[in-house]
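Position one of the sequence shown corresponds to residue 0 (numbering that gives the first Met the number 0), numbered consecutively onward.
First up is the structure itself, then whatever we jot down about it.
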Amino acid sequence: MIAETGFFALLLALALSILLAASPLAWSASNDRAIMALARPLMLAMSGFVALAFAMLTAAYVVSDFSLATVAENSHSAVPLLFKITGVWGNHEGSMLLWALILAIYGALLALFGEGLPERLRARVLSVQGLIAAAFLAFIVFTSNPFLRLDPAPGEGQDLNPVLQDIGLAIHPPLLYLGYVGFSVAFAFAVAALIEGRIDAAFARFVRPWTLTAWSFLTLGIAMGSYWAYYVLGWGGFWFWEPVENASLMPWLAGTALLHSTLVMEKRDALKVWTLLLAILTFSLSLLGTFLVRSGVLTSVHAFASDPRRGVFILAILTIFIGGALTLFALKAGDLKPGGLFAPVSREGALVVNNLLLASAAATVLIGTLYPLALEAVTGDKISVGPPYFNAVFLPLMGLLLLVLPFGQSLAWKRGELLGVAQRLLAALGLALVLALVLAVIHMGGPVLAPLGAGLGLFLIFGSASELATRSWPDGGSLRMALRRAGGLPRQAFGSAIAHAGLGLTVIGIAATAWHAEEISLMHVGDTRNLAGYTVTLEKLYPLKGPNYSETAAVFSVADAGITKGEVVSTKRIYSVRGTPTTQVGLMTMGLSQIYVSLGDREADGRIGVRLYWKPLVLLIWLGALVMAAGGALSLSDRRLRLGLPVRARFADASRPTAPAE
């Protein structure tokens with residue numbers, strides 16, 4: 000009865016989502032309070048049934064119910080329990096149900112905690128969320144039913160894709176979807192506001208927490224996916240400009256722009272039309288990512304679908320939501336009143352520059368991702384767009400953004416003084432330049448742009464610290480007074496500075512990859528190789544047996560100037576059911592750097608292929624992402640941001656005005 004219960008719950012969720020999409024949206028214009036009041040219980044009921052369906056599918060995987068086609072194709076009785084559970088979303092059908100579940104969770108949270116919203120606006124927002132849910136639930140029911148039975152049922156499953164049998168799979172897709180789907184709330188608010196024909200600063204206060212939540216999760220999801228590719232695929236890289244990777248980067252860039260745009264709208268009641276457009280485009284890029292992964296147009300470890308009907312169905316969803324929202328925007332945007340004015344040299348002006356650079360960067364990624372697909376569809380020619388293109392067009396835009404960002408966050412609202420800001424940032428800029436020059440001297444003869452990239456990251460970190468110091472200690476008062484003033488700053492100010500500093504850490508980690516060392520060779524037991532001053536010796540090879548695989552483990556000792564630093568173990572694994580080989584990378588962490596060992600094939604003479612890498616400061620890439628997400632979480636803890644309400648300052652000095660809110 001597990002499958003039947005799950006499928007029936009899906010059907011009920013689909014019916015409720017259709018009611019939710021139709022009733023409040025159709026009747027909210029008439030101010031019929033009884034109809035509008037239906038939105039909340041309908042959303043909660045729909046969410047409950049989606050959760051029930053997901054729970055039933057998870058139960059089928061846990062008990063290895065191979066009468067379900069998706070379980071038989073993506074699991075095995077010998078798979079460890081963790082990977083039975085993560086196998087739920089390690090396939091097309093289950094991943095789409097996870098997508099629907101997260102959409103339902105966001106909708107339920109909006110229904111439960113949206114009491115501060117005007118009743119008609121809340122009804123319309125929930126109705127738009129219901130419309131999105133109806134489209135994807137219909138897609139699941141009619142083209143991707145996870146509860147299809149097999150008759151007769153096989154006695155054993157075909158196992159989960161070996162590269163997905165990793166803890167990273169338990170974390171990466173849910174985090175990524177919490178980001179992707181979270182932007183649907185901003186989209187729903189934008190569509191509801193366009194229908195309403197009215198938008199003000201309150202809109203930004205309502206939208207910004209949801210956007211910040213989605214952005215934080217997407218940041219973590221991208222970082223987890225990057226680290227998963229780094230240590231699972233065995234290629235020694237963290238980003239490959241693959242279309243599926245780009246599909247997650249595009250909404251992150253647009254979402255970052257949206258986050259900053261809502262800040263301008265909230266503070267100055269400006270950029271209204273642009274903010275609405277960004278809200279639509281950010282979720283549209285999330286939908287585009289869903290299409291690329293689920294339609295079958297890509298061949299990737301991430302891409303599950305191969306049925307053309309699914310691609311056509313998702314393309315129809317894209318057309319309806321993206322085309323419909325942009326059409327509504329074109330019809331209604333001209334009726335919106337312009338917002339407040341500000342000088343070009345101001346924090347608002349800097350945020351506009353920030354938005355233009357982020358939007359341009361997202362456009363370059365979009366072109367580089369879609370152009371090969373469009374060319375193949377039109378002419379049949381296959382080309383690949385890789386690092387040379389993105390390095391030439393994407394990196395300069397991001398470099399300019401990193402240079403401008405510390406100046407922008409230090410400017411005053413409405414009208415700023417660029418010379419004064421430059422003077423305040425002089426120490427941060429000078430220190431960053433000195434450290435960049437030191438790195439250039441240490442790595443003399445290496446890539447010339449690497450010290451520049453590290454210097455930009457350092458400037459971002461020092462600039463964020465300088466901004467907090469300036470607001471806490473503006474006129475050279477006592478340290479005690481500065482600490483009291485710092486304690487009176489809103490958490491949002493600290494969250495913003497921490498997030499910017501996290502971006503700086505990631506930039507330094509990326510720049511440092513240019514100084515990596517690599518050694519690829521065939522090794523016998525006892526052979527030694529030199530790697531960036533370290534001596535790496537293959538000590539022994541021995542077989543191991545796992546629950547559903549067998550493997551050969553290689554033990555390497557690492558020494559520095561004759562002193563042993565430790566051992567690294569890398570394995571070559573064969574999964575018995577699929578017969579698929581995978582490499583389990585060996586990592587030795589030294590501070591923020593790593594020695595990375597990956598095994599290749601074994602030769603007839605007993606030698607084994609070995610890739611050795613020295614990765615200086617590589618952990619900063621992902622540590623920076625964690626810091627960025629922590630900054631977002633700290634901002635969310637600010638009561639003003641969570642509730643859209645003012646909060647009394649914890650400290651005010653009669654002799655000095657408190658610093659303006661971020």
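Idealized CB from N, CA, C, for every residue including glycine.
Delimiting residues of the beta strand (DSSP E) encompassing residue i
{"i": "residue 582", "result": "580-583"}
{"i": "residue 527", "result": "527-530"}
{"i": "residue 550", "result": "548-559"}
{"i": "residue 381", "result": "From DSSP, residue 381 is part of no beta strand (DSSP E); its letter is neither H nor E."}
{"i": "residue 544", "result": "533-544"}
{"i": "residue 564", "result": "562-574"}
{"i": "residue 601", "result": "592-601"}
{"i": "residue 608", "result": "607-614"}
Backbone CA spacing between residue i and residue j [nearest angstrom]
{"i": "residue 117", "j": "residue 198", "result": "12 Å"}
{"i": "residue 458", "j": "residue 345", "result": "20 Å"}
{"i": "residue 567", "j": "residue 357", "result": "41 Å"}
{"i": "residue 114", "j": "residue 623", "result": "35 Å"}
{"i": "residue 377", "j": "residue 279", "result": "28 Å"}
{"i": "residue 452", "j": "residue 506", "result": "7 Å"}
{"i": "residue 372", "j": "residue 379", "result": "9 Å"}
{"i": "residue 15", "j": "residue 260", "result": "34 Å"}
{"i": "residue 492", "j": "residue 40", "result": "37 Å"}
{"i": "residue 187", "j": "residue 467", "result": "35 Å"}
{"i": "residue 168", "j": "residue 347", "result": "40 Å"}
{"i": "residue 606", "j": "residue 528", "result": "14 Å"}
{"i": "residue 275", "j": "residue 327", "result": "11 Å"}
{"i": "residue 536", "j": "residue 526", "result": "6 Å"}
{"i": "residue 182", "j": "residue 254", "result": "8 Å"}
{"i": "residue 592", "j": "residue 406", "result": "31 Å"}
{"i": "residue 483", "j": "residue 494", "result": "18 Å"}
{"i": "residue 165", "j": "residue 0", "result": "30 Å"}
{"i": "residue 434", "j": "residue 206", "result": "40 Å"}
{"i": "residue 512", "j": "residue 617", "result": "7 Å"}
{"i": "residue 359", "j": "residue 21", "result": "37 Å"}
{"i": "residue 74", "j": "residue 620", "result": "33 Å"}
{"i": "residue 546", "j": "residue 462", "result": "51 Å"}
{"i": "residue 349", "j": "residue 184", "result": "26 Å"}
{"i": "residue 544", "j": "residue 562", "result": "32 Å"}
{"i": "residue 56", "j": "residue 412", "result": "52 Å"}
{"i": "residue 369", "j": "residue 631", "result": "31 Å"}
{"i": "residue 613", "j": "residue 588", "result": "10 Å"}
{"i": "residue 456", "j": "residue 103", "result": "38 Å"}
Residue i and residue j closer than 7 Å at C-beta
{"i": "residue 162", "j": "residue 581", "result": "yes"}
{"i": "residue 498", "j": "residue 516", "result": "no"}
{"i": "residue 156", "j": "residue 99", "result": "no"}
{"i": "residue 485", "j": "residue 471", "result": "yes"}
{"i": "residue 110", "j": "residue 42", "result": "yes"}
{"i": "residue 6", "j": "residue 141", "result": "no"}
{"i": "residue 514", "j": "residue 615", "result": "yes"}
{"i": "residue 223", "j": "residue 177", "result": "no"}
{"i": "residue 246", "j": "residue 310", "result": "no"}
Neighbourhood of residue i by C-beta distance below 7 Å, restricted to the same chain and skipping five residues each side
{"i": "residue 628", "result": "215, 218 and 219"}
{"i": "residue 551", "result": "540, 542, 570 and 571"}
{"i": "residue 685", "result": "Outside the modelled stretch of the chain, which goes from 0 to 661, sits residue 685, for which no answer is possible."}
{"i": "residue 432", "result": "454"}
{"i": "residue 490", "result": "633, 634, 636 and 637"}
{"i": "residue 331", "result": "193 and 196"}
{"i": "residue 271", "result": "198, 264, 335 and 338"}
Proximal residues to residue i (C-beta, below 6 Å), its chain only, five neighbours per side dropped
{"i": "residue 51", "result": "8"}
{"i": "residue 94", "result": "88"}
{"i": "residue 286", "result": "317"}
{"i": "residue 429", "result": "none"}
Residue i, enclosing alpha helix (DSSP H) - first and last residue
{"i": "residue 516", "result": "From DSSP, residue 516 is part of no alpha helix (DSSP H) but of the beta strand (DSSP E) over 516-522."}
{"i": "residue 164", "result": "No alpha helix (DSSP H) holds residue 164; DSSP gives it neither H nor E."}
{"i": "residue 218", "result": "200-231"}
{"i": "residue 442", "result": "First-last for residue 442: undefined, no H or E at that position."}
{"i": "residue 265", "result": "242-267"}
{"i": "residue 486", "result": "478-487"}
{"i": "residue 395", "result": "386-409"}
{"i": "residue 95", "result": "91-112"}
Cβ-based neighbour list, residue i, same chain, cut-off 8 Å, excluding 5 preceding and 5 following
{"i": "residue 171", "result": "220, 223, 224 and 227"}
Practice task
Please confirm if the region 362-370 is in contact with the region 386-397, defined as three or more CB-CB distances below 8 Å between the two stretches.
Solution key: Segment contact: the region 362-370 against the region 386-397, three or more CB-CB distances shorter than 8 Å; contact assigned.
Exercise for the section: Give a yes or no on contact between the region 314-328 and the region 126-143, applying the rule of three or more CB pairs nearer than 8 Å. Expected result: Yes: at least three Cβ pairs fall under 8 Å.
Practice task
May I ask you to verify whether the region 511-525 touches the region 600-619, counting CB pairs closer than 8 Å and requiring at least 3?
Solution key: Cβ pair count under 8 Å is three or more, so yes.
Practice task
Decide yes or no for the touch test of the region 437-447 against the region 415-428: beta carbon pairs closer than 8 Å, at least 3 of them.
Solution key: No: the two stretches stay apart, fewer than three of their Cβ pairs being nearer than 8 Å.
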